[in-house]
Amino acid sequence: MVIGRDIMTALGLVVDFGAGRIQWDGSEMTIKTADKIPQTSVARGLVEVAEECDDELFAGDSTDVKPADLLPQHLEAVLQHCYLKLLDGFYDLYSGRLGRIRLPDYVLPLTTDYEPSHAKPYSVARSQEDAARHEMKRLLDLDVVEQIYGSEAAAPAFFLLKPSGALRLLVDFRQLNRFLRRSPYYVPKIREILLRLDKAKCMSTLDANMGYFARR
Numbered sequence: 307m308v309i310g311r312d313i314m315t316a317l318g319l320v321v322d323f324g325a326g327r328i329q330w331d332g333s334e335m336t337i338k339t340a341d342k343i344p345q346t347s348v349a350r351g352l353v354e355v356a357e358e359c360d361d362e363l364f365a366g367d368s369t370d371v372k373p374a375d376l377l378p379q380h381l382e383a384v385l386q387h388c389y390l391k392l393l394d395g396f397y398d399l400y401s402g403r404l405g406r407i408r409l410p411d412y413v414l415p416l417t418t419d420y421e422p423s424h425a426k427p428y429s430v431a432r433s434q435e436d437a438a439r440h441e442m443k444r445l446l447d448l449d450v451v452e453q454i455y456g457s458e459a460a461a462p463a464f465f466l467l468k469p470s471g472a473l474r475l476l477v478d479f480r481q482l483n484r485f486l487r488r489s490p491y492y493v494p495k496i497r498e499i500l501l502r503l504d505k506a507k508c509m510s511t512l513d514a515n516m517g518y519f520a521r522r
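Basically the numbering used here = 1-based index in the sequence shown + 306.
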C-alpha cells in the first residue's frame with residue numbers, strides 16, 4: 307500500500323521518522339527504520355533496496371538468491387525466525403522468472419454489440435527503435451505478449467520513457483473499454499485500512515513487480 311503526502315495530510319496522519327512514530331486519530335504506533343543499519347551487498351529487506359537494481363525482471367537472468375539474503379536486518383530475533391520460515395516455505399519460487407497466477411485464463415466480459423476494430427499504430431522515435439525492439443523481445447521471452455497474425459482486432463501501442471532510461475510499453479485499449487461490461491467491486495478506503503492497523507506490530511511494503519503480467 308502506497309500513501310501519498312496529500313492523502314496523509316487530508317487524513318491528519320503524522321509520520322515522525324526521527325522518533326519512529328506514526329500518529330493518527332488519537333492513536334500512536336511505533337515503527338522501525340533501517341536508516342542506521344549498515345548497507346550490505348546481500349541485504350534485500352523491506353526497507354533496503356540496492357540502487358543499482360532495475361525495477362523490472364529481465365528474462366534469462368540467473369539468480370543465486372537465498373532466503374537469508376532476503377531477511378530484513380531491522381527485525382527483532384523472534385520476527386526474523388518467523389520471516390525466515392516463511393521464505394523457506396516458498397524457496398522453489400526464487401527462479402528469477404515471472405511465473406503465472408494459478409487461475410483460469412481471464413475472459414473479458416464484452417457487451418453483445420461489440421465489433422472488432424483496429425486503429426492506426428503510433429510511431430516510434432528513431433532514437434528509441436533499438437530499445438523498443440529489445441523491450442518487445444524481452445516481453446516475448448517472458449511470455450508476457452504473444453506474436454499473432456490474422457486478428458480482426460488490434461489496439462495501438464506506444465512506449466513511455468522511464469526516468470531510468472528504459473521503455474515501458476503502453477497499449478491504448480480505449481476502444482475496447484467502451485464495450486466492457488463492468489463488475490462492481492468495492493475497494494476499501496485508505497481510512498478504513500488504517501483503522502485496521504492500529505494494533506499492528508509490523509507493517510510491510512510489497513512491490514508486486516510486473517504483477518499484471520503474471521495474469522493470463
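We put the beta carbon where it would ideally sit given N, CA and C, even for glycine.
Cut-off 6 Å between Cβ atoms - residues of its own chain near residue i, not counting five sequence neighbours on either side
i, result
"L416", "F485"
"A425", "P462"
"D478", "A461, P462"
"V320", "Q329"
7 Å Cβ cutoff met for residue i and residue j
i, j, result
"P427", "P462", "yes"
"V261", "F519", "Nothing in the structure corresponds to residue 261, since the chain is present only between 307 and 522."
"V430", "A437", "no"
"I407", "R497", "no"
Cβ neighbour criterion (16 or more within 10 Å) applied to residue i
i, result
"F465", "buried"
"L500", "buried"
"P490", "exposed"
"D494", "Reading off the sequence, residue 494 comes out as Pro, not Asp. Classification for P494: exposed."
"P469", "exposed"
"L512", "exposed"
"P410", "exposed"
"L503", "exposed"
Nonlocal neighbours in the same chain, by C-beta distance under 8 Å from residue i, ignoring five residues either side
i, result
"I322", "Checking the sequence shown, residue 322 turns out to be Asp, not Ile. Around D322: I328, Q329."
"Q453", "L446"
"S457", "P422"
"R487", "P415, L416, T417"
"D419", "F485"
Sequence-distant residues of the same chain with beta carbon closer than 7 Å to residue i, five excluded per side
i, result
"L282", "This structure cannot speak to residue 282, because the chain is shown only from 307 to 522."
"L381", "Y389"
"L482", "A461"
"A459", "P422, S423, H424"
"K505", "none"
"Q434", "F465, L473"
"T346", "Bear in mind that the predicted position of T346 carries a pLDDT of just 41, short of 50, making it too unreliable to give a figure here."
Cβ separation of residue i and residue j, assumed to be a contact under 8 Å, to the nearest whole Å
i, j, result
"L399", "C508", "Not quite, the Cβ-Cβ distance comes to about 22 Å (not below 8 Å), so this is no contact."
"L476", "E441", "The Cβ separation is near 11 Å, so there is no contact."
"P373", "Y397", "6 Å"
(message) My parser needs the alpha helix (DSSP H) runs of 4 or more residues fully inside the region 442–515; what are they?
(response) 480–483, 496–501
(message) Runs of 4 residues minimum, wholly inside the region 378–426: which ones carry the alpha helix (DSSP H) assignment?
(response) Here the runs fully enclosed are 383–395.
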